[in-house]
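Shown next, in structure tokens, is the structure this report addresses.
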Amino acid sequence: MPTTKTMLGVGACAIAVVALCRRALRTPTPRDGRPQLTRQNAYRTLPGLRDDPPPSYSPKDLVGGAPPRAEGDGATPAFALELLKALSSDRENVFVSPLSIATALKMALAGATPGSRHEAALRKAVGGIDVQVAGVDAANALYARADVKASFADKLKRLFNAAAAPMPASAAPINEFVAKATKGLITNLIDDGTVRDPMTTAILLNAVYFKGTWLKKFEKGNSRPGAFQAPSGEKQVDFMRQEQRYAVHNAAGVGQAVALPYAKDDLRMVLILPESDGLAGARATAAALPARWAELRPLAEDKVVVVLPRFKIDSGVVELMDVLDASFGLGLIKREGGGFLGIADRPDLHVDSVLHRAVISVDEEGTEAAAATAVIVAQRAMPRPPRVLKFDRPFVFAIEHAATGRVVFAGVVAEPSSA
Numbered sequence: 001m002p003t004t005k006t007m008l009g010v011g012a013c014a015i016a017v018v019a020l021c022r023r024a025l026r027t028p029t030p031r032d033g034r035p036q037l038t039r040q041n042a043y044r045t046l047p048g049l050r051d052d053p054p055p056s057y058s059p060k061d062l063v064g065g066a067p068p069r070a071e072g073d074g075a076t077p078a079f080a081l082e083l084l085k086a087l088s089s090d091r092e093n094v095f096v097s098p099l100s101i102a103t104a105l106k107m108a109l110a111g112a113t114p115g116s117r118h119e120a121a122l123r124k125a126v127g128g129i130d131v132q133v134a135g136v137d138a139a140n141a142l143y144a145r146a147d148v149k150a151s152f153a154d155k156l157k158r159l160f161n162a163a164a165a166p167m168p169a170s171a172a173p174i175n176e177f178v179a180k181a182t183k184g185l186i187t188n189l190i191d192d193g194t195v196r197d198p199m200t201t202a203i204l205l206n207a208v209y210f211k212g213t214w215l216k217k218f219e220k221g222n223s224r225p226g227a228f229q230a231p232s233g234e235k236q237v238d239f240m241r242q243e244q245r246y247a248v249h250n251a252a253g254v255g256q257a258v259a260l261p262y263a264k265d266d267l268r269m270v271l272i273l274p275e276s277d278g279l280a281g282a283r284a285t286a287a288a289l290p291a292r293w294a295e296l297r298p299l300a301e302d303k304v305v306v307v308l309p310r311f312k313i314d315s316g317v318v319e320l321m322d323v324l325d326a327s328f329g330l331g332l333i334k335r336e337g338g339g340f341l342g343i344a345d346r347p348d349l350h351v352d353s354v355l356h357r358a359v360i361s362v363d364e365e366g367t368e369a370a371a372a373t374a375v376i377v378a379q380r381a382m383p384r385p386p387r388v389l390k391f392d393r394p395f396v397f398a399i400e401h402a403a404t405g406r407v408v409f410a411g412v413v414a415e416p417s418s419a
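So, in structure tokens, the structure goes:
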């Protein structure tokens, strides 16, 4: 993966939900179609797709009205934090976009058979999540074989503004779409084997990109090398230093949190320094967040010295089906049983894999993740020296939209590499 030349708060991720049909081979389809990356992309019927009349539906059909907030992404972003908890339990560096994952799964929900167990499982997991966040660019696409219904492509276009194209001869057009949507940060998500497998009926794709500068930039002249206590041992990294008034909070059993706002769109990064040292401490904090996140909001503004390493993370391509099954009971969508008749008239159609990749780069100018935090101003009779939050050991972070609490990115930094 190429690195960016300007380390100006850049973040991107892409996810593909791949539905496989394990029965008879499908009719060959045209292979030269490529979706255009534009929000004004006009829908066109795909060559070879079944031209069924589109069903009657509306966006509320996907969210099921107003489900309990615990199932969605409201004040307590349960989906995002449960994902972080699960992924951090057996990994060191973690970076993920719950927003991207939820979007792709909602695209699958759009093709689920009404009243089926597949629909119920997807609706419970992601049905209540609002996947629109100001300041985050998103692109969606459908790649499909001949037996996929044109009405499904039309539905994705209307609900997700998804571009559409026939399944290509190789993964190159799909990866080019991802690269363009992520400004070159992610260039390889799908392999040729997946695309050429005749059992691959459809690929549902989402990519998101965020680039933001800090509201209060770190002065490069204040950056110094220092020791980071990584799981592999002491590691020399470059630390940024900033003394400002930030929203902070200390939650017993979780750690000390500080919110660093971005200059636009009400986005900010929440950094959490765990109470306990080492990777075990970071994992314990990540595991506690689903139940304790609300305690970190609202935060109180105070003068604080933030010492933060420059870092970048590339998650690589991660298969998420096991995590989605263990955390949300979505193993059901991997089974046959007529669960996706909205995509094609094949009772054996099912979700075979959910692939995800995310990249982040953080430096003095900005970062690639966003965090949301409310601020309460506290008064003191006498000034005191500012507290120091030095992130020189494994820590947890999330990027959220401050007003809504929607988590766009989340991660754990255990082995930082220079941004």
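Residue numbers (full-length UniProt numbering): 1 to 419. Here a beta-carbon is modelled for each residue, glycine too, at the ideal position from N, C-alpha and C. If you're wondering where the values come from, they're calculated on a predicted model, not measured in any experiment.
Exercise. How do the region 277-292 and the region 317-337 stand: do at least 3 beta-carbon pairs fall below 8 Å, yes or no?
Worked result: no
- Task: Under 8 Å by Cβ, that's how I've got I15 and I101 pegged, so tell me the actual separation to the nearest angstrom.
- Result: The residue you call residue 15 lines up with position 15 of the sequence shown. The residue you call residue 101 lines up with position 101 of the sequence shown. Rounded, the Cβ-Cβ distance is 5 Å, consistent with contact.
Assumed close pair P309, P416 - CB separation to whole angstroms, cut-off 8 Å: Residue numbering aside, residue 309 sits at position 309 when the sequence shown is read from its first letter. Residue numbering aside, residue 416 sits at position 416 when the sequence shown is read from its first letter. So it is a contact: roughly 5 Å between Cβ atoms.
P225, buried or exposed, once every other Cβ within 10 Å from all chains shown has been counted against 16: On the sequence shown, position 225 is the one that residue 225 refers to. Classification for P225: exposed.
Q: Flag this pair as yes or no: are the beta carbons of D192 and A171 separated by less than 7 Å?
A: The residue labelled residue 192 in the question sits at position 192 within the sequence shown. The residue labelled residue 171 in the question sits at position 171 within the sequence shown. Yes, the Cβ-Cβ distance between D192 and A171 is below 7 Å.
Practice item. Determine the contact status of G339 and T113, defining contact as a CB-CB distance below 7 Å. Key: The residue given as residue 339 occupies position 339 in the sequence shown. The residue given as residue 113 occupies position 113 in the sequence shown. Yes, the Cβ-Cβ distance between G339 and T113 is below 7 Å.
Limits of the alpha helix (DSSP H) - the one that K106 falls within
Start at 1 with the first residue of the sequence shown, and residue 106 comes out as number 106. From DSSP, the alpha helix (DSSP H) with K106 extends over P98 to A110.
Open item on the list: So P394 and L279 are supposed to be a Cβ contact under 8 Å. How far apart are they, rounded?
Closed with: For the purposes of this step, residue 394 is taken as residue 394 along the sequence shown, with counting starting at 1. For the purposes of this step, residue 279 is taken as residue 279 along the sequence shown, with counting starting at 1. With 8 Å as the limit, P394 and L279 qualify as a contact, their Cβ atoms being about 5 Å apart.
Check your understanding: Just to check, is the beta-carbon of A125 closer than 6 Å to a non-hydrogen atom of the ligand HEM?
Key -> Among the components modelled here there is no ligand, and therefore nothing to report on the ligand HEM.
Taking contact to mean 3 or more Cβ pairs, one atom from each stretch, closer than 8 Å, check whether the region 173-193 and the region 105-122 are in contact. no
If we ignore side chains and look at the alpha-carbon of each, how far apart do A207 and A153 end up? Working through the sequence shown from its first residue, we reach residue 207 at position 207. Working through the sequence shown from its first residue, we reach residue 153 at position 153. Between A207 and A153, the C-alpha separation is close to 18 Å.
May I have a chain-ordered list of the beta strand (DSSP E) segments no shorter than 3 residues that lie completely inside the region 118-188?
137-144 and 163-166
- Task: Check each candidate in M269, V148 and S223 and name the one with the smallest Cα separation from Q242.
- Result: The residue labelled residue 242 in the question sits at position 242 within the sequence shown. Per the Cα distances, S223.
*Give every residue of the same chain whose Cβ lies closer than 6 Å to the Cβ of K235, excluding the five residues on either side of it in the sequence, and list them in chain order.*
As a working note, residue 235 is residue 235 in the sequence shown. Hits under 6 Å: F228.
A259 to A300, Cα distance in whole Å?
The residue given as residue 259 occupies position 259 in the sequence shown. The residue given as residue 300 occupies position 300 in the sequence shown. Rounded to the nearest angstrom, the two C-alpha atoms are 10 Å apart.
Q: Return the CA-CA distance between V305 and E82, expressed in angstroms with no decimal places.
A: Position 305 of the sequence shown, counting from 1, holds the residue named residue 305. Position 82 of the sequence shown, counting from 1, holds the residue named residue 82. Distance between the alpha carbons of V305 and E82: 30 Å.
For E400, the first and last residue of its enclosing beta strand (DSSP E):
Working through the sequence shown from its first residue, we reach residue 400 at position 400. Note, E400: beta strand (DSSP E), F395 to H401.
Item to check | Backbone CA spacing between P261 and S353 [nearest angstrom] | outcome: Mapped onto the sequence shown, residue 261 falls at position 261. Mapped onto the sequence shown, residue 353 falls at position 353. In a straight line, the C-alpha of P261 is about 35 Å away from that of S353.
Practice item. Find out if the Cβ-Cβ distance for the pair V131, L99 is shorter than 7 Å. Key: Taking the first residue of the sequence shown as 1, we reach residue 131 at position 131. Taking the first residue of the sequence shown as 1, we reach residue 99 at position 99. Contact: yes.
Checklist line | Run of the alpha helix (DSSP H) containing A280, from where it starts to where it stops | finding: Here residue 280 corresponds to residue number 280 of the sequence shown, with the count starting at 1. Element bounds for A280: G278 to R292.
Tell me the DSSP secondary structure of V317 in three-state form. As a first step, residue 317 is located in the sequence shown; it is residue number 317 there, counting from the start. Here V317 sits in coil by DSSP.
Quiz prompt | Neighbourhood of residue 439 by C-beta, 7 Å cutoff - its chain only, sequence neighbours within 5 removed | solution = The structure shown does not extend to residue 439, since the chain is modelled only from 1 to 419, so the question has no answer here.
Assign S353 to one of three DSSP states: helix, strand, or coil. Taking the sequence shown and counting its residues from 1, the one referred to as residue 353 is at position 353. Looking at S353 - three-state DSSP - the assignment turns out to be strand.
To the nearest whole angstrom, what separates the beta carbons of A398 and V318, a pair I think is in contact under 8 Å?
Along the sequence shown, one-based indexing puts residue 398 at 398. Along the sequence shown, one-based indexing puts residue 318 at 318. Not confirmed; about 18 Å, so no contact.
### Query
Between which two residues does the alpha helix (DSSP H) containing T194 stretch?
In the sequence shown, the residue the question calls residue 194 occupies position 194. Element bounds for T194: D192 to R196.
(message) Strictly under 7 Å for the Cβ-Cβ distance: is V126 near chain D by that measure?
(response) Among the protein chains of the structure shown there is no chain D, as only one such chain exists.
* **Pair within 7 Å by beta-carbon distance, V136 and F79** => What you label residue 136 is simply residue 136 of the sequence shown in a count that begins at 1. What you label residue 79 is simply residue 79 of the sequence shown in a count that begins at 1. Going by C-beta atoms, V136 is not nearer than 7 Å to F79.
Open item on the list: For K155, which residues in the same chain have their Cβ closer than 6 Å to its Cβ, ignoring the five residues on either side in sequence?
Closed with: Residue 155 sits at position 155 when you count from the first residue of the sequence shown. Excluding sequence neighbours, K155 sits near A110.
Suppose the cutoff is 7 Å on Cβ atoms and the five residues either side in sequence are ignored; what does the same chain contact list for S276 look like?
What you label residue 276 is simply residue 276 of the sequence shown in a count that begins at 1. Only A284 meet the Cβ criterion.
**Item:** Distance, V323 Cα to residue 425 Cα
**Value:** Outside the displayed range of the chain (1 to 419) lies residue 425, so it cannot be described from this structure.
task: Kindly indicate which three-state DSSP category F340 falls into: helix, strand or coil?
output: Stepping through the sequence shown from its first residue, residue 340 is reached at position 340. Coil at F340, not helix or strand.
| message | Would V396 and I272 qualify as a contact pair, given that the criterion is a beta-carbon distance under 7 Å? | response | Here residue 396 refers to the residue found at position 396 when the sequence shown is read from its first residue. Here residue 272 refers to the residue found at position 272 when the sequence shown is read from its first residue. Yes, the pair counts as a contact, with Cβ atoms nearer than the cut-off.
Q) In angstroms, rounded to a whole number, what distance separates the CA positions of M240 and K149? A) What you label residue 240 is simply residue 240 of the sequence shown in a count that begins at 1. What you label residue 149 is simply residue 149 of the sequence shown in a count that begins at 1. Taking the straight line from one Cα to the other gives about 53 Å.
* To do: Compare the C-alpha of A257 against each of K264, A263 and H249 and name the closest.
  => Along the sequence shown, read from residue 1 onward, the residue named residue 257 stands at position 257. Comparing Cα positions, the closest option is H249.
Taking Cβ positions, are V254 and R292 nearer each other than 7 Å? Locating residue 254 in the sequence shown gives position 254, where the first residue counts as 1. Locating residue 292 in the sequence shown gives position 292, where the first residue counts as 1. Result yes, Cβ atoms of V254 and R292 sit closer than 7 Å.
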